[in-house]
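A.B. asks: In the UniProt record's numbering, the protein residues as written are 1 to 496. Glycine residues also receive a C-beta, built at the ideal position from the N, C-alpha and C atoms. Bear in mind the structure is a predicted one, so any value in this text is a computation, not a measurement. Dropping a structure here in structure tokens format, bear with me for questions.
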């Protein structure tokens, strides 16, 4: 009986050991199974990690289901919010899932930013998407929206509300104000601009398109269509009144009026004729020689003048063909044409009075018109000049309109590029702060082309260059007393 009990105790002990062993196996199997399940995103002590299949923490970039994530390369902690790399590039990861943001994103303040669709890098400055341009402030990356931005060059651009992209072409706001933005650069038009063959004016400050009457600082008037903004040229009726506008839009009544040549042989009549091509004839190499016996301004000069712009370069038309020579005047052509205006009463008489500049004095003297005043003679009279004196040297020729109290002279001549113009010389001693230059600026600014062409209201010191042809009183009389007037007085009379 004792043996049976002993065997029972032994078997019972073995059974308990077996049951305990089985329990341990089951426990550790469960632990291993649970451990095997803890892969992927895991939050430990408030930090998010990604556990790879081998149980290790993922580090660096991870792409999963089309999303990109980033985990610290040392700790494995997932990146959330803003991140800036060693190159200064910025990315943003969502605060919950930690996914890298791409494309447009708008924050709670309504500010929009753009992140590269491949790299996730936040863009700054200029961005082009689907043919549209955007501007993202640096360094914030916030997109410009509903604002005008002016760059360092003075160019102004506009960026739309909501859509954010840069405006191009015509833009009209809720007030009916129109502006125009260059289709390529987006720069807002300011001043005069030709669009689709029509001329418009946009105020320099606001860029708003002008409509109705507009008067510039020189007193010149233009009219712009109240609806379209197109500048008027030619004849138009406004409020029942007929007006004529020049090719440059200036009201014809506002073109500087100069004394009308009367056909009499006087100093005033000579100077009045010489002023006629000013603002109407460009400089053309060899120009005027074919028009040496023409009375009045050639319509071809006028058309050529009106058809060109500020980039005009006479060197492109100096082949001496008749077609080109008819387009304007060179210095000799101008002086010869001016002489013809006072000496003849109709076109086509003789062969005219146009010769090369260096021969002007000797030729006119040979005709019995006057005498030559040399530099030595001028020096002995303290460089005294008279209205109508014709200056010349081997390279240029000009006409004196009058002399100022400081000794400087106002002249009229044809010179590159802008052609016939009024200019002022420095004083005989070479001072360019002269009265003559100030007068030339005052009177040339009255002309429509003053802001269009490269007029030289200051000239070389022609008082100290070359010789002068001085008219005999018997050739050109002076009943108006011009020889006793200053340049300012003469100009005031000629432009009255």
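Taking only three categories from DSSP, how would you classify residue 301?
C.D. replies: It is helical.
A.B. asks: Tell me the rounded alpha-carbon separation between residue 86 and residue 40.
C.D. replies: About 28 Å.
A.B. asks: Got a sec, what are the start and stop residues for the beta strand (DSSP E) residue 420 sits in?
C.D. replies: First-last of the beta strand (DSSP E) with residue 420: 419-424.
A.B. asks: Specify, as a first and last residue, the run of the alpha helix (DSSP H) that residue 267 falls within.
C.D. replies: Looking at the DSSP string, the run of the alpha helix (DSSP H) that includes residue 267 is 267-275.
A.B. asks: Would you mind reading off the limits of the beta strand (DSSP E) that contains residue 485?
C.D. replies: No beta strand (DSSP E) contains residue 485, which DSSP labels as neither H nor E.
A.B. asks: If you count every other CB in all the chains shown that lies within 10 Å of the CB of residue 97, and 16 or more means buried, which is it?
C.D. replies: Residue 97 should be labelled exposed.
A.B. asks: So for residue 495, helix, strand or coil by DSSP?
C.D. replies: Of the three classes helix, strand and coil, the one that applies to residue 495 here is coil, per DSSP.
A.B. asks: Helix, strand or coil for residue 193? Go by DSSP, reduced to three states.
C.D. replies: Three-state result, residue 193: strand.
A.B. asks: Taking all protein chains shown into account, do 16 or more other C-beta atoms lie within 10 angstroms of the C-beta of residue 479, making it buried, or fewer, making it exposed?
C.D. replies: It counts as exposed.
A.B. asks: Let's test the definition: count the other Cβ atoms within 10 Å of the Cβ of residue 301 and tell me whether it reaches 16, buried, or not, exposed.
C.D. replies: Buried, by the Cβ-count rule.
A.B. asks: State whether the stretch 330-343 contacts the stretch 259-274, with contact taken as three or more CB pairs (one from each stretch) at a distance under 8 Å.
C.D. replies: Touching, per the Cβ criterion.
A.B. asks: Given a threshold of 16 other Cβ atoms within 10 Å of its Cβ, counted over all protein chains shown, does residue 496 qualify as buried or as exposed?
C.D. replies: It is exposed - the Cβ of residue 496 has fewer than 16 other Cβ atoms within 10 Å.
A.B. asks: Which whole runs of the beta strand (DSSP E) in the stretch 99-127 are 3 residues long or more, in chain order?
C.D. replies: Those beta strand (DSSP E) runs which fall completely within the stretch 99-127 and span 3+ residues are 103-106 and 112-115.
A.B. asks: Mapping the DSSP letters down to three states, classify residue 220 as helix, strand or coil.
C.D. replies: It is coil, neither helix nor strand.
A.B. asks: In whole angstroms, what is the alpha-carbon distance linking residue 182 and residue 239?
C.D. replies: Cα to Cα, residue 182 sits roughly 33 Å from residue 239.
A.B. asks: Within 10 Å of its beta-carbon, does residue 440 have 16 or more other beta-carbons around it, so buried, or fewer, so exposed?
C.D. replies: By the neighbour-count rule (16 or more Cβ atoms within 10 Å), residue 440 is buried.
A.B. asks: Taking residue 371 as part of the alpha helix (DSSP H), name the residues at either end of that continuous run.
C.D. replies: Note, residue 371: premise wrong, no alpha helix (DSSP H); beta strand (DSSP E) at 370-373.
A.B. asks: Give the DSSP-derived three-state secondary structure of residue 63 in the structure shown.
C.D. replies: Looking at residue 63 - three-state DSSP - the assignment turns out to be strand.
A.B. asks: Sorted by chain position, which residues of the same chain lie with C-beta nearer than 6 Å to residue 287's C-beta, five sequence neighbours on each side aside?
C.D. replies: Counting only Cβ-Cβ distances below 6 Å, and skipping sequence neighbours, we find 325, 328, 329, 330 and 333.
A.B. asks: Say whether the stretch 252-267 touches the stretch 443-455, bearing in mind that this needs 3 or more beta-carbon pairs closer than 8 Å, one atom from each stretch.
C.D. replies: Touching, per the Cβ criterion.
A.B. asks: Evaluate the contact criterion for the stretch 281-297 versus the stretch 216-226: three or more CB pairs, one atom per stretch, below 8 Å.
C.D. replies: No, the stretch 281-297 is not in contact with the stretch 216-226.
A.B. asks: What would DSSP say about residue 42, mapped onto helix, strand or coil?
C.D. replies: Three-state DSSP puts residue 42 in a strand.
A.B. asks: Note down the Cα distance separating residue 377 from residue 385, rounded to an integer number of angstroms.
C.D. replies: So the two alpha carbons sit approximately 11 Å from each other.
A.B. asks: Could you check whether residue 267 and residue 477 sit closer than 9 Å to each other, using their CB atoms as the reference points?
C.D. replies: A contact, by the Cβ cut-off of 9 Å.
A.B. asks: When the Cα atoms are used, what is the spatial distance from residue 468 to residue 484?
C.D. replies: Computed Cα separation, rounded: 18 Å.
A.B. asks: Going by the beta-carbon positions, is the gap between residue 202 and residue 222 smaller than 9 Å?
C.D. replies: Contact flag unset, no.
A.B. asks: To the nearest angstrom, how far is it from the Cα of residue 140 to the Cα of residue 124?
C.D. replies: Rounded to whole angstroms, residue 140 to residue 124 spans 8 Å at the Cα level.
A.B. asks: Exposed or buried, which one is residue 349 when buried takes at least 16 other CB atoms within 10 Å?
C.D. replies: It is exposed - the Cβ of residue 349 has fewer than 16 other Cβ atoms within 10 Å.
A.B. asks: Let me know the secondary structure DSSP gives residue 258 once reduced to three states.
C.D. replies: If DSSP states are grouped into helix, strand and coil, residue 258 belongs with coil.
A.B. asks: Suppose only complete runs of 3+ residues qualify. What are the beta strand (DSSP E) ranges in the stretch 288-335, listed by chain order?
C.D. replies: Runs of the beta strand (DSSP E) inside the stretch 288-335: none found.
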